[in-house]
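**Q**
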Amino acid sequence: MLKSLVYMYRLRFAETIIYMLQATEYDVKAYLRWLWRVKDFEKVSYRRSLIKTRRSSMLLLAIKLGMLVQFAVAIAWASLAIKNKEPAGIFAVDLFLSTPLVWSHLVVLPLVLARWFWVQPLNRVDVGRSKKSFQKHRAIKIAVAGSYGKTTMKEILLVVLAEGTKVAATPANKNVAISHAQFAKQLEGDEDILIVEFGEGAPGDVAGFAQTVKPDIGIITGLAPAHLDKYKTLQRAGEDIFSLAQYLDDKNVYVNGESEALKSFIKPGHQLYDGRQAAGWAIKAVKSSINGLSFEMTKDGKNLKIKSQLIGEHQIGPLALAAALADKLGLTKEQIEKGISKVESFEHRMQPRQVDGACIIDDTYNGNIDGMLAGLKLLKSLPAKRRIYVTPGLVDQGAESAKIHRRLGEAIAGSDADLVVLMKHSVTDDIVAGIKQGKFKGELKIEEDPLNFYTNLDQFVATGDLVVLQNDWPDNYN
Amino acid sequence: MNVVVNGLMTNYLKVGSGRRVIILLHGWGDSSATFADFGRRLAKNYTVLTVDLPGFGATQEPPRPWGVDDYANFVVTWLNKIGQKDVYALIGHSNGGAIAISMLGRKLIKSKKLILIASSGIRDIYKMRRVILRSGATIARLPLKILPKRTRNRIKRRAYEAIGSDYMMMPELDASFRRLVNQDMQETATHIDTPTLIIYGSADDTTPLKYGQLFKDAINQSRLEVIEGAGHMIHQEKAEKVAALSKDFLNA
Amino acid sequence: MRTVAIIFGGRSTEHDVSIITAIASVIKPLELAKQYKVEAVYIAKDGSWYWDDKLKDIQLYQSGEIDEFMRRAAKVHLLFDNGLTLVKSSQFAGRKMYKKIDIVFPAMHGTHGEDGELMGLLEMANVPYVGCDFRASTVAMDKVLAKQVTQASGIKSPSYIWFRSDQLSKPNEPLNRIKDLKYPLFVKPAHLGSSIGISRVEKESELMNALEVAVHYDDKVIIEEAVPNLIEVTLPIMGNDELRPALLEHPLTKPKDFFDFDTKYIGGGKKGGSKGKKGAQGYSEIPAKLPKELYDKAEKTALDVYRALGCSGIARVDLLIDNKAGEVYFNEVNPLPGGLYAHNWRKAGVSNVDLVTKLVTLAEQKWQAKQKLTTSFSTSYLKQF
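Protein sequence lines correspond, in order, to chains A, B and C. Per my numbering, residue 7 is the first one in the first sequence, and the count goes up by one each step. Per my numbering, residue 100 is the first one in the second sequence, and the count goes up by one each step. Per my numbering, residue 1259 is the first one in the third sequence, and the count goes up by one each step.
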C-alpha cells in the first residue's frame, strides 16, 4: 500500500501515465476512466511497457519537467516558510502531494487542444477528398461490418480474391473514416476490388462510412455487445451496422447466419452464410480437425472442394462466403480452391501451435460470446487426452455481462474440459456460477497472475493436451 | 576413457584405427575437446590419442604447481600406463607444443615425427614487457585483495592476457601458469632430432610468428609453414588447412 | 498454505546437476502450482546449509555470486520439534527466523543425499518427504545390494562379482573370481550415482587400469558382464502402492566410454560429463521402439524392481535388454532421477506442475500411513528398575 503510494512520487510515474495514454491510443476519455480506476500504478505497465515514439517522448519530457518544477517549487516554498516561520507554508505540503494528481490530468490538455484545432479539421478535409476518390474508383467495393469477425472475413477475402483479381484492403484494424481516407490515398487506381472494413464506434458511424465509400457489396459478420458506452443498447448497435444494408437497398447483402443477435435484423433480400449454406451454395461433407477444415460446396451443378488451414467450424461460413463471392466475381474453381488453401490462421485467432506435444489453440484476440462458444465447441470436438480451457471472460458487455458470463460458464461446463483456468477478474464469479450450474466435473483453477501463467504455459501442459486460450485481457482493463 | 596416472584420474580419448599412433596435446586452459575437428580429420588414417592434461577438461588437478617438464613426464607415464609403446607422431598446440618439445628434447620418448602448432615456450622476446607487467601485477595485487573474488579474477585474467602467453586462464592453476611462462624451451628444442613441422598463423598475437622462426632455427630438421591471417587457435580456425599440411608431412 | 522445502546441492559429484533439478524441475513448477509456500535450502559443496529466497535464482550459481552470498549469509540450523523447523539468524540484531517445514522435497543426486543419508535425517525429524525412503535409497544406490535384493525376488541381472577396494592390495583372489566372467566386462564403482568411473574392459590386460579407476572413487567395486545385442532402456515410475509408469525411454547416445569425437564433443557428451541422464534428453526415443511383448516385459520388470527395492514416490529403473534373446536384465535404480525425468513424464501426459504436486501428495500420503504404525508405547520397565 505504502509502496504503491510512494511510487506516484517517483519520476517513473510519468512513464506510467504516458504508457496509459499510449495504450488507450490517446483517447482522453478512456484514459481518464482508467486513471481513476487504478489502485496500484506500479502494476499498470507490468505486462507491456511504453513504446518510444516522438509523441510519447515529448509528452514524457513535458510531464517529467512539470513534476520536477512542482516538486522544486513546493520544496522551496516549504523551506522558505520554515525559515520565516510562516504558517501558510503548510500549503507547500499540499502542493507537493498534489503533483501526481495535477500532472496526470494536465497531460490531457495538449491532446485535447491538438485534436480540436489541428487533427480534426485536417481529418475532415481528408475524408472529404476520399469521398471523391472512392466515387471515381472503378473497382467493385466490398464493405465488411460487424462487431466481431470483420478482420478475419476481410483477410480471407483478400487472400482468395487475389488469386484472380487485383485487390486491395484496409490494413488490420484500420476501420474508421480517417483510415479509410488514408487507404484511398494509397490506391493505385487500377484495382479490381476494394475491401473496406467498417468499424462501428458510435451511432451513425456505419451510415457515414457507407456514404463515403459507396460499397457495392456488404458483409455483416456479427453482432455482440461492444462499444455499448456509445450505443447504449445492442439494438442500436445492430441498427447502426445494418445501415450498411439500408444503403445497399438490402441487395448484395450477406449476413452471418450464426450470430444470434443478428437474426432479428435480417430481411428477405439478405443472403445468409453459416455452416450449412453460403449465398445459395449448399455445404456438406464437413471435416474439422486440429489440422484444419475441409468441406464441399455445391450450387447449380457447380462444385467446390474446400480445404483450409483454419481451425474451427465457425470458420466454414466466412470461407464459404469468400468462395461464393469469388465465384460470383469470376474466379475459376482452381483459383478459388487454391486461394482458400492459402489462407493462414491469423495471429491469436484460433492459431494452433505445439508445445511439448501439447496442442495450444491461441484464440486470445477473441472477444465476443459467439467466438467463445465456437472455441468451446472446438475444444469438445477435437480428440485429446486432456482438455484445458483458459480465459478471463469477456470485457465491455454492459448490463448483459452477468447473463453472458453465466452462459459462458454453462458452455464451459458442457465442453468436457478437464481443467478450466480462469484469470481472476470482476466477471470471474459469474463464470463460476455458470460453471456450477452446468454441473462441471473437471478441475477449476482461478489464476491471479495471467502473465505468469501464459509465459510458463509449458510447465502446465503435457503431450496429448489440447489447450484453448480465449480472450487475453488487455491490461487497460485491469 | 579414464585411467589413473600418478594418482590423478585422467580422461583420454582414443579414436580411429590405423597402425600408426598420433598423440595430440592441447594448450593451456584448453582441453582435448579443442581437437574435435582436427582430430577427426586425422583419425581417418591414424589412431589418434588425446588426453586432458591435469587440471583441464575431465582430468584432476596436479597436487602442486607443475612446469612443462612435469607435464611432459605425466604424458609419458600416461602412455606407459595405457600400454602405448610406439608413437608415430607427437602434435602439440601452444603449451602442448612446449610439452612435446620437452618430451623429445629430453629423449623421454621416441617419435618419428613432431608437429608444433602455434607452440609456446619462447619466453625472452617479451621479457622486458613481462617483467614490468609482472612487477606491476605484484604491486597491484595488494589493493586487489579487497575486491570481490569475481572482479579480482577478471582483472587478473586481463593482466595475464597482457603478459601474453596462452589462450585463457585457469584461476586455480595460476601457480603452474607462472611456472610455465618462466620456462624457455629453445635450448631443449636444439636436442630434438625428429623431423618437425612448425605451423603458425601470421595474425597470432598469443604466440607470434616470431616464436615459430626461433623454433625453426633451434630444431635441426624442421620446416616452418605460415598460415596467412590465422590467429592462435589455428587448428580450429583453419582445421582443413592445418590437417592437410599435417597429413602431407605425416605421410611423407 | 503449507510449506515445502526443496533441499539441493550437496557434497556430491552431481552437485551442479542437483541445482538444475531443484530450480528448473522442482521449484519453478511448484511455485506455479501455487498450492504451497516454497523454500529453497541449498547445501554447499562443503556441506554447509543455507536457506534463502535468493537461492531460487539460477543466475546466482551461474554468475559465481554464490561464493559472495555464502560468505555473507547465515548458515541454517535445523530444529527437530517433532517435525522440522529451519532456523537462521536474521541481519537485525541477531534475531532468529523460524520456518516450520511441512514437507521436504529432496532434489539431491549422488552421494550424501540421494543415497539415503538425507532421508534418514528427515525420518528422524518425522517430516513427510518426497521420493524413496532411506532404506530403499540406500539399497538402490548400492549397485551390488540392489542386485542382491532384486535377484532374491527373481529379477535377472548380468553375471557379476564384487569386492572391497582393500582387497585389491592382494589382487589375486578377486582376479581369480573375475576369470569366471565372460569378456567384455564393465567395471563400476558400486555407489556412484552417475556414469563416473565406469570402464568397459575388452580383455584381461585392460582390467587393472579399470579397477584402479573404480577404486579411485569408491570402496566397493562391481564387475559385470556386458549384455550382448544391447538395448538400454530406462523407465521413470511414480507411486507408493499404486504405481504409475511413464514411458520406456531408449537413450540414443552411446555410453560415455565409447565416444568418437562427434558424440563426445558435438553431441550430448558436453553435458553428459557428469550426468549422462540429463544429457540424454534430446537424444532419446520415447517411447522406446520395442516389440509390444518386449516392451511389456521390460515395463513389468521395472515395476517389479521398484516394488522389490521398496521404492516410493518416484524412481527411475534402468534396464538392459538383450534384443536377440528377448531377455530383460536389471541394471540400476536412480531414486531421484535428474530433472525428475520431467521430459519423459510430459510425453506420458503428466505436466511439470502436475508431476511435482503429485509427488508432494504422495509424500504426504506415505507419511500419514506411517503415522498409523505404533512405534512407541508405555512400559513399566522404568518403574521396575
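For glycine and all other residues, C-beta sits at the position ideal for the given N, C-alpha and C.
(1) For C:F1327 versus C:K1312, is the C-beta distance shorter than 9 Å?
(2) Taking three-plus beta-carbon pairs below 8 Å as touching, is the stretch 140-159 of chain A in contact with the stretch 103-117 of chain A?
(3) Helix or strand or just coil, what does DSSP make of A:G298?
(4) For a contact meaning CB atoms closer than 8 Å, what does C:G1607 contact in chain A?
(5) Check for me: the beta strand (DSSP E) holding B:S210 runs from which residue to which?
(6) Check each candidate in A:I184, A:Y154, A:G195 and A:S270 and name the one with the smallest Cα separation from A:V173.
(7) Counting only beta-carbon atoms, is C:D1274 nearer than 9 Å to chain B?
(8) Out of A:D132, A:I272, A:H276 and A:I322, point me to the one whose CA is closest to A:S294's CA.
(9) Based on Cα-Cα distance, which residue from B:I121, B:V325 and B:T295 lies nearest to B:G138?
(10) Quick one: does C:W1625 have its CB under 9 Å from some CB of chain B?
(11) Run down chain B in chain order and give the residues with a C-beta less than 8 Å from the C-beta of C:V1471.
(12) List, in chain order, every chain C residue whose beta-carbon is nearer than 8 Å to that of A:Q465.
(13) B:L182 versus chain C: which residues are under 9 Å apart at the beta carbon?
(14) For C:Y1604, decide whether its Cβ has a neighbour in chain A, counting only Cβ atoms nearer than 9 Å.
(15) Within its chain, find whatever has a CB closer than 8 Å to the CB of A:L524; leave out the 5 residues flanking it on each side and keep chain order.
(16) What span of residues does the alpha helix (DSSP H) with A:L117 cover, start to end?
(17) Rounded to whole angstroms, what is the Cα-Cα separation between A:M303 and C:H1601?
(18) In terms of DSSP beta bridges, what is B:K113 paired with?
(19) Please tell me whether C:A1365 and C:T1271 are closer than 9 Å, where the distance is taken between their beta carbons.
(20) Note down, in chain order, each residue of its chain lying with its Cβ closer than 7 Å to the Cβ of C:E1289, except the 5 sequence neighbours on either side.
(21) Along chain C, which residues have their Cβ under 8 Å away from the Cβ of A:G363?
(22) Can you name the residues of chain B whose CB is closer than 7 Å to the CB of C:G1374?
(23) Name, in chain order, the residues that DSSP records as bridge partners for B:G191.
(24) Once DSSP output is grouped into helix, strand and coil, what is the label at C:A1648?
(25) Taking 9 Å as the CB-CB cut-off, is C:Y1441 touching chain B?
(26) Does the distance from the C-beta atom of C:Y1418 to that of C:K1405 stay below 9 Å?
(27) With three or more beta-carbon pairs closer than 8 Å as the criterion, would you say the stretch 464-481 of chain A touches the stretch 384-393 of chain A?
(28) Where does C:G1267 fall in DSSP's three states?
(29) Closer than 7 Å by beta-carbon distance: list the chain C residues that pair up with A:N462, in chain order.
(30) Taking the beta carbon of C:G1530 as the centre, do at least 16 other beta carbons fall within 10 Å, making it buried, or is it exposed?
(31) Nearest to A:K290 by CA position, among A:N297, A:I223, A:Q277 and A:K305, is which residue?
(32) When you compare only the Cα positions, how much space is there between C:A1302 and C:R1604?
(33) Measuring straight from C-alpha to C-alpha, what distance separates A:K344 and A:Y460?
(34) Using a Cβ distance threshold of 8 Å, determine whether the stretch 1563-1576 of chain C contacts the stretch 433-440 of chain A, with at least three qualifying pairs required.
(35) Quickly, what does DSSP pair C:D1360 with across the bridge? List them, please.
(36) Using CA atoms only, rank isn't needed, just tell me which of B:V325, B:L203 and B:A217 is closest to B:Y187.
**A** With the given structure in hand:
(1) Position 69 of the third sequence, counted from the start, is the residue given in the question as residue 1327 of chain C. Position 54 of the third sequence, counted from the start, is the residue given in the question as residue 1312 of chain C. In contact: C:F1327 and C:K1312 (Cβ atoms closer than 9 Å).
(2) no
(3) What you label residue 298 of chain A is simply residue 292 of the first sequence in a count that begins at 1. It is a strand residue.
(4) By 1-based counting over the third sequence, the position of residue 1607 of chain C is 349. Here the neighbours are K391, R392, A468, T469, G470 and D471.
(5) Against the second sequence, residue 210 of chain B aligns to sequence position 111. Looking at the DSSP string, the run of the beta strand (DSSP E) that includes B:S210 is S210 to I216.
(6) Here the question's residue 173 of chain A lines up with position 167 in the first sequence. The shortest C-alpha separation from A:V173 is found at A:G195.
(7) Within the third sequence, residue 1274 of chain C is the residue found at index 16, counting from 1. No, C:D1274 does not count as interfacial toward chain B.
(8) As a position in the first sequence, residue 294 of chain A is number 288, starting the count at 1. The candidate whose alpha carbon is nearest that of A:S294 is A:I322.
(9) Residue mapping note: residue 138 of chain B aligns to position 39 of the second sequence, counting from 1. Ranking the options by Cα distance to B:G138, first place goes to B:I121.
(10) Walking along the third sequence from the start, residue 1625 of chain C turns up at place 367. No - not a single Cβ of chain B is within 9 Å of the one on C:W1625.
(11) Counted from its first residue, the third sequence places residue 1471 of chain C at position 213. Within chain B, the residues near C:V1471 are N101, V102, V103 and M108.
(12) One-based indexing of the first sequence puts residue 465 of chain A at position 459. Within chain C, the residues near A:Q465 are K1286, P1287, L1290, S1609, N1610 and V1611.
(13) The count along the second sequence starts at 1 and reaches residue 182 of chain B at position 83. Going by the sequence as given, residue 182 of chain B is Gly instead of Leu. What B:G182 touches in chain C: S1463, E1464 and N1467.
(14) Residue 1604 of chain C sits at position 346 when you count from the first residue of the third sequence. Checking the sequence, you will find Arg at residue 1604 of chain C rather than Tyr. Closer than 9 Å: yes.
(15) This structure gives no information on residue 524 of chain A, because the portion of chain A shown stretches from 7 to 484.
(16) Numbered from its first residue, the first sequence carries residue 117 of chain A at position 111. V114 to A120 is the span of the alpha helix (DSSP H), which, as asked, contains A:L117.
(17) Within the first sequence, numbered from 1, the residue matching residue 303 of chain A stands at position 297. Within the third sequence, numbered from 1, the residue matching residue 1601 of chain C stands at position 343. Cα-Cα distance, rounded: 45 Å.
(18) Numbered from 1 along the second sequence, position 14 holds the residue referred to as residue 113 of chain B. Answer is B:L148.
(19) For the purposes of this step, residue 1365 of chain C is taken as residue 107 along the third sequence, with counting starting at 1. For the purposes of this step, residue 1271 of chain C is taken as residue 13 along the third sequence, with counting starting at 1. In this structure, C:T1271 does not lie closer than 9 Å to C:A1365 by Cβ.
(20) Taking the first residue of the third sequence as 1, we reach residue 1289 of chain C at position 31. If we look at C:E1289 and ignore the five residues flanking it on each side, its Cβ neighbours are V1296.
(21) Walking along the first sequence from the start, residue 363 of chain A turns up at place 357. Going along chain C in sequence order, the residues near A:G363 (Cβ under 8 Å) are R1604 and K1605.
(22) Here residue 1374 of chain C refers to the residue found at position 116 of the third sequence. By Cβ distance, chain B contributes nothing, its closest Cβ being about 26 Å from C:G1374, past 7 Å.
(23) Position 92 of the second sequence, counted from the first residue, corresponds to residue 191 of chain B. Answer is B:L124 and B:L215, bridged to B:G191.
(24) The structure shown does not extend to residue 1648 of chain C, since chain C spans only 1259 to 1643, so no value can be given for it.
(25) Locating residue 1441 of chain C in the third sequence gives position 183, where the first residue counts as 1. No, no contact with chain B.
(26) The count along the third sequence starts at 1 and reaches residue 1418 of chain C at position 160. The count along the third sequence starts at 1 and reaches residue 1405 of chain C at position 147. Yes, the Cβ-Cβ distance between C:Y1418 and C:K1405 is below 9 Å.
(27) yes
(28) Residue mapping note: residue 1267 of chain C aligns to position 9 of the third sequence, counting from 1. The answer is strand: DSSP assigns C:G1267 an E or B state.
(29) Within the first sequence, residue 462 of chain A is the residue found at index 456, counting from 1. Within 7 Å Cβ-Cβ: L1290.
(30) Working through the third sequence from its first residue, we reach residue 1530 of chain C at position 272. Annotation note: pLDDT 35 at C:G1530 (below 50); position unreliable, coordinate value reported separately. By the neighbour-count rule (16 or more Cβ atoms within 10 Å), C:G1530 is buried.
(31) Counted from its first residue, the first sequence places residue 290 of chain A at position 284. Measuring from the Cα of A:K290, the nearest candidate turns out to be A:K305.
(32) Taking the third sequence and counting its residues from 1, the one referred to as residue 1302 of chain C is at position 44. Taking the third sequence and counting its residues from 1, the one referred to as residue 1604 of chain C is at position 346. Whole-angstrom Cα-Cα distance: 31 Å.
(33) Counting from one through the first sequence, the residue named residue 344 of chain A turns up at place 338. Counting from one through the first sequence, the residue named residue 460 of chain A turns up at place 454. Rounded to whole angstroms, A:K344 to A:Y460 spans 35 Å at the Cα level.
(34) no
(35) Within the third sequence, residue 1360 of chain C is the residue found at index 102, counting from 1. For C:D1360, DSSP records no beta bridge to any residue.
(36) The residue given as residue 187 of chain B occupies position 88 in the second sequence. Nearest C-alpha to B:Y187: B:L203.
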